[in-house]
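Q:
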Amino acid sequence: MHPRDRLDRPIRDLRISVTDRCNFRCSYCMPAEVYGRDYAFLPRSEVLSFEEIVRLARLFAELGVEKLRITGGEPTVRHGLPALVRALASVEGTRDLAMTTNGSTLVRLARPLAEAGLRRVSVSLDALDDATFGRMSGVHVPVARILEGIAAARAAGLVPLKINTVVRRGMNEDAIIPLARWARDEGYIVRFVEFMDVGTTNGWRTEDVVPADEILARVDAVLPLEPIPPDYPGEVADRYRYRDGSGELGVIASVTRPFCGACTRARLSADGRLYLCLFASAGLDLKTPLRAGASDADLRDLVAAAWTARDDRYSERRSEATAAEGRVEMFAIGG
Ligand code: SAM
Ligand code: SF4
Ligand code: SF4
0 MHPRDRLDRP
10 IRDLRISVTD
20 RCNFRCSYCM
30 PAEVYGRDYA
40 FLPRSEVLSF
50 EEIVRLARLF
60 AELGVEKLRI
70 TGGEPTVRHG
80 LPALVRALAS
90 VEGTRDLAMT
100 TNGSTLVRLA
110 RPLAEAGLRR
120 VSVSLDALDD
130 ATFGRMSGVH
140 VPVARILEGI
150 AAARAAGLVP
160 LKINTVVRRG
170 MNEDAIIPLA
180 RWARDEGYIV
190 RFVEFMDVGT
200 TNGWRTEDVV
210 PADEILARVD
220 AVLPLEPIPP
230 DYPGEVADRY
240 RYRDGSGELG
250 VIASVTRPFC
260 GACTRARLSA
270 DGRLYLCLFA
280 SAGLDLKTPL
290 RAGASDADLR
300 DLVAAAWTAR
310 DDRYSERRSE
320 ATAAEGRVEM
330 FAIGG
């Protein structure tokens, strides 16, 4: 049975967070002032094992999930990740296995992950100069290390390679054009992401969002653009190509152009909770029944029932009233 939710959306994508930990402290996700040395991340015993993740992924595939994406926190800080990739790559019914990463470990891990069956990576990169990158990422990692990681991913065949850039007013608008040029020259697809009000700790304000229209106008002024159709139904990025045929870019405009109507994504947190929306305040605990011996059919029924009751459309409802609602943190479910 392939369930449909109350807005008639099927479940097609599963984003699997494999850890809530991260070696970065991006200002818009895990600000260093909040996530300091003493912050209590999940104890190991609360984090799903690889076997548990794979079992759940298989059940989600039976419910219609075709695409798996590994995320975090920073997924590559989870020890032994290629073994998980190998197991997920053989989940029947899925046709895509991707990962979102900050790129800091790809020099070492791109090849083993590709050999294990990973198909593609999206690398988050918010600036090309060390000063801006440091302000955005909250760490002193040189941009060169990320660029080397990106090159290693391409060499390992993890393509098409996408670059995700969160744009935050007053922080990295000046990085837009250099990133667009660099990605175009290198043959990568950069996607500029509007700063979102995910979680409760990043101090989000409407004024800090640089709307997609402004981002596009800035690029268009120096590298003329034209819109192109989505690659597949429900694609979250709006696509544009350079008029001279030299490549494409995207914008992910969750704030100014919400796309809830086509949202087919479920999210599994590192501690085994199912979130039906990036902005959900609570998740359905799958770990407890899983560890208490629930059968595959029981677990599948739980997920199907939750999906059938789903009516989430936060981005379309976003208002002063929704601002007060509790929200899961981004690093817990991986974007
Ligand atoms: N650590 C990995 C990374 O950064 O790619 C994977 C997890 S991270 C939570 C997934 C994506 O969410 C990243 O591309 C990040 O830039 C994005 N993200 C985090 N907080 C965001 C926010 N407040 N608004 C928009 N995007 C955000
Ligand atoms: Fe870490 Fe990714 Fe969040 Fe940055 S966006 S703090 S790299 S989880
Ligand atoms: Fe999907 Fe929720 Fe984002 Fe809307 S706000 S697109 S329902 S995750």
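Numbering (numbering that gives the first Met the number 0), first residue to last: 0 to 334.
Idealized CB from N, CA, C, for every residue including glycine.
1) Report all residues from its chain with a CB closer than 6 Å to the CB of VAL84; omit the five preceding and five following residues, and keep chain order.
2) Out of SER268, ARG299, VAL165 and ALA293, point me to the one whose CA is closest to VAL327's CA.
3) Between MET329, GLY271, ARG309 and ASP243, which has its C-alpha nearest LEU277's C-alpha?
4) Provide the residue(s) that pair with TYR274 in DSSP beta bridges, ordered along the chain.
5) Three-state secondary structure (DSSP) at THR131?
6) Determine the DSSP secondary structure at ILE227, reduced to helix, strand or coil.
7) Once you ignore the five residues that flank PRO226 on each side, which residues in its own chain have a CB closer than 6 Å to its CB?
8) In terms of residues, what are the limits of the alpha helix (DSSP H) holding ALA303?
9) Is any heavy atom of ligand 2 found at a distance shorter than 7 Å from the C-beta of MET29?
10) Would you mind stating whether VAL142 and LEU160 have Cβ atoms separated by less than 8 Å?
11) Mind checking which residues open and close the beta strand (DSSP E) that includes TYR313?
12) Is SER123 closer than 8 Å to THR99 when the C-beta atoms are compared?
13) Does the distance between the C-beta of ASN201 and the nearest non-hydrogen atom of ligand 2 fall short of 7 Å?
14) Could you check whether the Cβ of GLU73 sits closer than 7 Å to any heavy atom belonging to ligand 2?
15) Taking GLU319 as the reference, which of ASP243, TRP203 and ALA305 has the closest Cα?
16) What do you reckon, are the CB atoms on PHE194 and ASP173 nearer than 8 Å?
17) Could you tell me if MET29 is buried or exposed, where buried requires 16 or more neighbouring beta carbons within 10 angstroms of its beta carbon?
18) Under the DSSP definition of a beta bridge, which residues are partnered with LYS161?
19) For ALA60, does the three-state DSSP call read helix, strand or coil?
20) Strictly by DSSP, which residues pair up with GLU193?
21) What is the DSSP secondary structure of THR70, counted as helix, strand or coil?
22) Check this for me: beta carbons of ARG344 and VAL106, under 8 Å apart or not?
23) Under 8 Å, do GLU11 and GLU51 count as touching if we go by C-beta distance?
24) How about ASN171: is its Cβ closer than 7 Å to a heavy atom in ligand 2?
25) Regarding PHE278 and ligand 3, is the C-beta to nearest heavy atom distance less than 7 Å?
26) With DSSP run on the structure shown, which of helix, strand or coil describes ARG204?
27) Which residue or residues does DSSP assign as beta-bridge partners of ARG3?
28) Ligand 2 and MET329: does any heavy atom of the ligand fall closer than 7 Å to the residue's C-beta?
29) Tell me whether LEU41 sits in a helix, a strand or coil according to DSSP, three-state version.
30) Mark GLY186 as exposed unless 16 or more other C-beta atoms lie within 10 angstroms of its C-beta, in which case mark it buried.
A: So, from the listed chains and residues:
1) Here residue 84 corresponds to residue number 85 of the sequence shown, with the count starting at 1. These residues qualify, in order along the chain: LEU112, ALA115, GLY116 and LEU117.
2) Locating residue 327 in the sequence shown gives position 328, counting from the first residue. Nearest of SER268, ARG299, VAL165 and ALA293 to VAL327, Cα basis: SER268.
3) Locating residue 277 in the sequence shown gives position 278, where the first residue counts as 1. Nearest C-alpha to LEU277: MET329.
4) Numbered from 1 along the sequence shown, position 275 holds the residue referred to as residue 274. Note: TYR274 sits in a beta bridge opposite ARG266.
5) For the purposes of this step, residue 131 is taken as the residue at position 132 of the sequence shown. Helix at THR131.
6) Here residue 227 corresponds to residue number 228 of the sequence shown, with the count starting at 1. In the displayed model, ILE227 falls within a strand according to three-state DSSP.
7) Looking up residue 226 in the sequence shown gives position 227. Within the same chain, PRO226 has close Cβ partners TYR239.
8) Taking the first residue of the sequence shown as position 1, residue 303 is located at position 304. That run of the alpha helix (DSSP H) goes 295-307.
9) The count along the sequence shown starts at 1 and reaches residue 29 at position 30. Under cutoff, so the answer is yes.
10) The count along the sequence shown starts at 1 and reaches residue 142 at position 143. The count along the sequence shown starts at 1 and reaches residue 160 at position 161. Remark: C-beta atoms of VAL142 and LEU160 do not approach each other more closely than 8 Å.
11) Within the sequence shown, residue 313 is the residue found at index 314, counting from 1. Annotation: TYR313 is outside any beta strand (DSSP E); the continuous alpha helix (DSSP H) that includes it extends over 313-316.
12) Walking along the sequence shown from the start, residue 99 turns up at place 100. Walking along the sequence shown from the start, residue 123 turns up at place 124. Yes, the Cβ-Cβ distance between THR99 and SER123 is below 8 Å.
13) Indexing the sequence shown from 1 puts residue 201 at position 202. Because no heavy atom of ligand 2 lies under 7 Å away, the Cβ of ASN201 does not count as near it: no.
14) Reading the sequence shown from its first residue, position 74 is the one you call residue 73. Flag set: Cβ of GLU73 near ligand 2.
15) On the sequence shown, position 320 is the one that residue 319 refers to. When only C-alpha atoms are compared, the closest one is TRP203.
16) Residue mapping note: residue 194 aligns to position 195 of the sequence shown, counting from 1. Residue mapping note: residue 173 aligns to position 174 of the sequence shown, counting from 1. No, the pair does not count as a contact, with Cβ atoms beyond the cut-off.
17) Counting from one through the sequence shown, the residue named residue 29 turns up at place 30. Per the 10 Å Cβ criterion, buried.
18) Taking the sequence shown and counting its residues from 1, one reaches residue 161 at position 162. Bridge partners of LYS161: SER121 and ILE188.
19) Taking the first residue of the sequence shown as position 1, residue 60 is located at position 61. ALA60: helix per DSSP, three-state reduction.
20) Your numbering for residue 193 matches position 194 in the sequence shown. Per DSSP, VAL166.
21) Taking the first residue of the sequence shown as position 1, residue 70 is located at position 71. The answer is strand: DSSP assigns THR70 an E or B state.
22) The displayed coordinates of the chain run from 0 to 334. Any statement about residue 344 would go beyond what the structure contains.
23) Indexing the sequence shown from 1 puts residue 11 at position 12. Indexing the sequence shown from 1 puts residue 51 at position 52. Inspection of the sequence shows that residue 11 is occupied by Arg rather than by Glu. In this structure, GLU51 does not lie closer than 8 Å to ARG11 by Cβ.
24) The residue given as residue 171 occupies position 172 in the sequence shown. No, the beta carbon of ASN171 sits no closer than 7 Å to any heavy atom of ligand 2.
25) To locate residue 278, count along the sequence shown from 1; it is residue 279. Checking every heavy atom of ligand 3 against the Cβ of PHE278, one is found closer than 7 Å.
26) Along the sequence shown, one-based indexing puts residue 204 at 205. The answer is coil: DSSP assigns ARG204 none of H, G, I, E or B.
27) By one-based count along the sequence shown, residue 3 stands at place 4. BP columns for ARG3 point to PRO9.
28) As a working mapping, residue 329 is identified with position 330 in the sequence shown. Indeed, a heavy atom of ligand 2 lies less than 7 Å from the Cβ.
29) Here residue 41 refers to the residue found at position 42 when the sequence shown is read from its first residue. Correct three-state label for LEU41: coil.
30) Numbered from its first residue, the sequence shown carries residue 186 at position 187. That one is exposed.
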